[in-house]
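The structure appears below as structure tokens.
So, in structure tokens, the structure goes:
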């Protein structure tokens, strides 16, 4: 994971703040995945990073 070293948090990866609601976090996640999805010309590695960040937030916040 990119944020396991503490350099980049899941919030930074998703471009959000910790003050957002769970629904707003999910919306931001979906938007980023669509922007970076390899089937739509994006970067598969970035989608992996986005998924890891969202998974970490889901676990932390109980989404």
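Numbering (the working numbering), first residue to last: 6 to 68.
The C-beta atom is built at its ideal place from N, Cα and C for all residues, glycine as well.
| Item | Value |
| --- | --- |
| Where residue 48 sits in the DSSP three-state scheme | coil |
| Cut-off 7 Å between Cβ atoms - residues of its own chain near residue 40, not counting five sequence neighbours on either side | 47 |
| Continuous alpha helix (DSSP H) stretch holding residue 31: start and end | 27-41 |
| Alpha-carbon spacing of residue 29 relative to residue 18, whole angstroms | 15 Å |
| Buried versus exposed, by CB contacts within 10 Å (16 or more), residue 68 | exposed |
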